[in-house]
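**Student:** Below are the structure tokens for one structure; questions will follow.
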Amino acid sequence: MSNKRNKILIGLILFIGFVLYTQYEKSAEPTWKINEENFVVMNDWEELMDREKSKFSDLKFAEHFKLLRNSHVSIPLANDQRMFQVERTYDFGQQLYILYSVDLIERDKEESDVPRLTFNQVEITSKKGKKFTFPIDLYEGEGAIGGVVYKHKLYRSMMIHAQYDDIKTDEEWKEVFSSETLNFLNPTFTSNNGKIKIDHLTFKVKPHHVFELPPVLATETIDRSLQLYNNEKIQLDQLEVYQMGARVKMDSKHDKDLVSLFGTIEGGQNQYTLNSDITGGEDTGYFMETYFVLDELLNMKQADSLKMSLTHSIHRTNKSYSFSVPQQDIEKFTKDPKTDVTRNQVIANDKDYKVIFKGITNDTSSDQNGIEFSIESKTGKIEQEEYLYFQPSNNEYGIPNEERFMNNLVTIKNSSGKTLQNFDVMQTFNNEQPGFLLIFHEGLPKDDLTVTLSRLTQVYPLKEKVEVPLKLPTASKK
537 MSNKRNKILI GLILFIGFVL YTQYEKSAEP TWKINEENFV VMNDWEELMD REKSKFSDLK
597 FAEHFKLLRN SHVSIPLAND QRMFQVERTY DFGQQLYILY SVDLIERDKE ESDVPRLTFN
657 QVEITSKKGK KFTFPIDLYE GEGAIGGVVY KHKLYRSMMI HAQYDDIKTD EEWKEVFSSE
717 TLNFLNPTFT SNNGKIKIDH LTFKVKPHHV FELPPVLATE TIDRSLQLYN NEKIQLDQLE
777 VYQMGARVKM DSKHDKDLVS LFGTIEGGQN QYTLNSDITG GEDTGYFMET YFVLDELLNM
837 KQADSLKMSL THSIHRTNKS YSFSVPQQDI EKFTKDPKTD VTRNQVIAND KDYKVIFKGI
897 TNDTSSDQNG IEFSIESKTG KIEQEEYLYF QPSNNEYGIP NEERFMNNLV TIKNSSGKTL
957 QNFDVMQTFN NEQPGFLLIF HEGLPKDDLT VTLSRLTQVY PLKEKVEVPL KLPTASKK
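Below is the structure:
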């Protein structure tokens, strides 16, 4: 009986040993040495990821807010003794980052011996079941010169963008971005040894609600108040980080004519002008948009902060001015477009603005012809080109909660009173004097024109300068 028990014990020990050995064989590194003259070798995973973040700036954001995901996509490459493994993914708005590896084998002498993944089309299925197929762009990163080797695997990466050129309507945009899968068609692995094709490669992604307020990923409390020139008080509650952006949440409803808050952002030795748009409405809440703050914070140490100093507010007014452009001036310029028709007519010179109709000109810096005017603000002590810009009034689509953006409008009417829509407004800096040029897409209209500047913005100092420290929020626990 004891002999039988001994045999069972010996057999069990041998079986456990065999299992441990086979598992070791699966996980052990190959013993052959990689030729470092032909491959770029990483010492550890952190070094590899630092390289990735230098190629794709979005990855700093994705890593900090824990959006960079491990992947379980693994495909054996037939007849090539290798495994293809997707190591990390990150997606935003149907844009997908992939970091993948392919096993090295001892006979590989250069990177082109190792299969490289390519594809050129993606199939997107909306929640309603409608299928869309788009061509794609593959971007291998800033300064990308090839893959890197870590633990006998060659790592490559790419950012994949679908080309949505054929989408025409808001409804189609919503359908495309409601998709939760990206199916890449006809993936091919190419190397010096030929091509290996697989049927498809599918990834799960998060739906992107392109017409909705982006969801908050993390917050940092601010709790500062400021007072406008008209004694209105504004409370700044918190810094909110959303997918690839940051905003400051404000406390309550604000007048639709408050366009932005003005000041500076300081970090280390750098200082930037800040003109922060006020966005949102009663249904979503109100925000100060601080678009570039997130990038600055991501490039700082976690313990450091930026200093936001707010000094002025910018408001939309009912101020408007008009001037006439005679048909004879337009015809004169059309006959000899190399010679300006100069007017320098003072349209207004009041306590707020000085407006001059300068004439019809050929702007040599942009090689554009058009009607030129200048406007000088007499309020505030900040450079007017930081906030005083113009746009055609036909941009006014009546977007809910966005009336405040319809400021510094230009309306042009012909002699019959028809409002023209085929023009743009360009800023000019002739002799370091800022001005504006009205450029017509189909050439200057040969007619008497009336130009009206309306809903002009004015700058007012805050009652007191307000300084706000801004720190990068930590990722929310899921």
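Following the working numbering, the numbering of the sequence shown begins with 537 at its first residue and continues without gaps. Built from N, CA and C at the ideal position, the CB exists for glycine as well.
(1) From Thr726 to Val650, what distance separates their C-alpha atoms?
(2) Considering only the beta carbon of each residue, do Ser845 and Glu802 sit closer than 9 Å?
(3) Report yes if the C-beta distance between Ile907 and Leu992 is below 9 Å; otherwise report no.
(4) Is the beta carbon of Ile892 less than 9 Å from the beta carbon of Val882?
(5) Is Ile681 buried or exposed, if buried means 16 or more other CB atoms sit within 10 Å of its CB?
(6) Going by Cα to Cα distance, which pick from Glu756, Lys769 and Leu764 is closest to Val777?
(7) Could you give the DSSP three-state label for Asp673: helix, strand or coil?
(8) What are the start and end residues of each continuous alpha helix (DSSP H) run of 4 or more residues lying completely inside the region 801-867, in chain order?
(9) Measure the C-alpha to C-alpha separation of Leu595 and Arg652 and round it to an integer number of angstroms.
(10) Just how far apart, CA to CA, sit Val658 and Ser648?
(11) Report the three-state DSSP secondary structure of Leu989 (helix, strand or coil).
(12) Per the DSSP calculation, Leu764 is bridged to which residue(s)?
(13) Expressed to the nearest angstrom, what Euclidean distance is found between the alpha-carbon atoms of Pro743 and Gln779?
(14) If distances are taken between C-alpha atoms only, which option among Thr820, Gln805 and Leu794 comes closest to Ile814?
(15) Among the candidates Phe869, Glu922 and Glu939, whose CA atom is the shortest distance from the CA of Thr1016?
(16) Are three or more beta carbon pairs between the region 611-630 and the region 562-582 nearer than 8 Å?
(17) Using 9 Å as the threshold, is the C-beta distance between Thr782 and Leu749 below it?
(18) How many Å lie between Gln531 and Ile672 at the Cα?
(19) Which residue wins for smallest C-alpha separation from Gly799, given the options Arg692, Ser714, Trp581 and Glu922?
(20) Helix, strand or coil for Asn930? Go by DSSP, reduced to three states.
(21) Under 8 Å: do the region 940-949 and the region 867-880 share three or more Cβ pairs, one atom per stretch?
(22) Over what stretch of residues does the alpha helix (DSSP H) that includes Arg587 continue unbroken?
(23) Is the beta carbon of Asn656 less than 9 Å from the beta carbon of Leu721?
(24) Which same chain residues, not among the five before or five after Ser788, have their C-beta less than 8 Å away from its C-beta?
(25) How big is the Cα-Cα spacing for Gly677 and Phe597?
(26) Report the start-end ranges of each alpha helix (DSSP H) in the region 701-777 that is 4 residues or longer and not cut off at the edges.
(27) So, for Leu604: in the same chain, excluding its five sequence neighbours on each side, which residues have a beta-carbon less than 6 Å away from its beta-carbon?
(28) Nearest CA to the CA of Tyr827: which residue from Glu818, Thr988 and Thr809?
(29) Exposed or buried, which one is Gly679 when buried takes at least 16 other CB atoms within 10 Å?
**Tutor:** The answer reads as follows:
(1) Translated into the one-based positions of the sequence shown, residue 726 becomes position 190. Translated into the one-based positions of the sequence shown, residue 650 becomes position 114. CA-CA distance, Thr726 to Val650, rounds to 8 Å.
(2) As a first step, residue 845 is located in the sequence shown; it is residue number 309 there, counting from the start. As a first step, residue 802 is located in the sequence shown; it is residue number 266 there, counting from the start. It is a contact, given that the beta carbons lie within the stated cut-off.
(3) Here residue 907 is taken as the residue at index 371 of the sequence shown, counted from 1. Here residue 992 is taken as the residue at index 456 of the sequence shown, counted from 1. Not in contact: Ile907 and Leu992 (Cβ atoms no closer than 9 Å).
(4) On the sequence shown, residue 892 is found 356 positions in, with the first residue counted as 1. On the sequence shown, residue 882 is found 346 positions in, with the first residue counted as 1. Cβ atoms of Ile892 and Val882: closer than 9 Å.
(5) On the sequence shown, residue 681 is found 145 positions in, with the first residue counted as 1. Per the 10 Å Cβ criterion, exposed.
(6) What you label residue 777 is simply residue 241 of the sequence shown in a count that begins at 1. Between Val777 and the set Glu756, Lys769 and Leu764, the nearest pair of CA atoms involves Glu756.
(7) Stepping through the sequence shown from its first residue, residue 673 is reached at position 137. DSSP places Asp673 within a strand segment (E or B) once states are collapsed to three.
(8) Fully enclosed alpha helix (DSSP H) runs of 4 or longer: 829-834.
(9) Here residue 595 is taken as the residue at index 59 of the sequence shown, counted from 1. Here residue 652 is taken as the residue at index 116 of the sequence shown, counted from 1. Approximately 22 Å, taken between the alpha carbons.
(10) The residue given as residue 658 occupies position 122 in the sequence shown. The residue given as residue 648 occupies position 112 in the sequence shown. The straight-line gap from Cα to Cα measures roughly 25 Å.
(11) The residue labelled residue 989 in the question sits at position 453 within the sequence shown. The answer is strand: DSSP assigns Leu989 an E or B state.
(12) Residue 764 sits at position 228 when you count from the first residue of the sequence shown. Leu764 is not bridged to any residue.
(13) Here residue 743 refers to the residue found at position 207 when the sequence shown is read from its first residue. Here residue 779 refers to the residue found at position 243 when the sequence shown is read from its first residue. The straight-line gap from Cα to Cα measures roughly 12 Å.
(14) Translated into the one-based positions of the sequence shown, residue 814 becomes position 278. It is Leu794.
(15) The chain is shown from 537 up to 1014; residue 1016 falls before or after that span and cannot be answered.
(16) At 8 Å Cβ cutoff, the stretches do not touch.
(17) Numbered from 1 along the sequence shown, position 246 holds the residue referred to as residue 782. Numbered from 1 along the sequence shown, position 213 holds the residue referred to as residue 749. As written in the sequence, residue 782 is Ala, which differs from the Thr given in the question. The answer is no: Cβ separation not under 9 Å.
(18) Residue 531 cannot be examined here, being either before or after the span of the chain that is shown, 537 to 1014.
(19) Along the sequence shown, one-based indexing puts residue 799 at 263. Taking only the C-alpha atoms, the option nearest Gly799 is Glu922.
(20) Here residue 930 is taken as the residue at index 394 of the sequence shown, counted from 1. Helix at Asn930.
(21) No, because fewer than three Cβ pairs between the region 940-949 and the region 867-880 fall closer than 8 Å, the two stretches do not touch.
(22) Working through the sequence shown from its first residue, we reach residue 587 at position 51. Judged by DSSP secondary structure, Arg587 falls within the alpha helix (DSSP H) whose first and last residues are Trp581 to Lys591.
(23) In the sequence shown, the residue the question calls residue 656 occupies position 120. In the sequence shown, the residue the question calls residue 721 occupies position 185. Contact flag set, yes.
(24) Reading the sequence shown from its first residue, position 252 is the one you call residue 788. Only Gln771 and Tyr822 meet the Cβ criterion.
(25) For the purposes of this step, residue 677 is taken as residue 141 along the sequence shown, with counting starting at 1. For the purposes of this step, residue 597 is taken as residue 61 along the sequence shown, with counting starting at 1. Roughly 16 Å separates the two Cα atoms.
(26) Taking only runs of at least 4 residues, the alpha helix (DSSP H) segments lying wholly in the region 701-777 are 706-713.
(27) Sequence index remark: in the sequence shown, residue 604 carries index 68 (1-based). Close CB contacts of Leu604 within its chain, under the 6 Å cut and outside five residues either way in sequence, are with Ala598, Arg624 and Tyr626 (chain order).
(28) Translated into the one-based positions of the sequence shown, residue 827 becomes position 291. Nearest C-alpha to Tyr827: Thr809.
(29) Numbered from 1 along the sequence shown, position 143 holds the residue referred to as residue 679. Gly679 should be labelled exposed.
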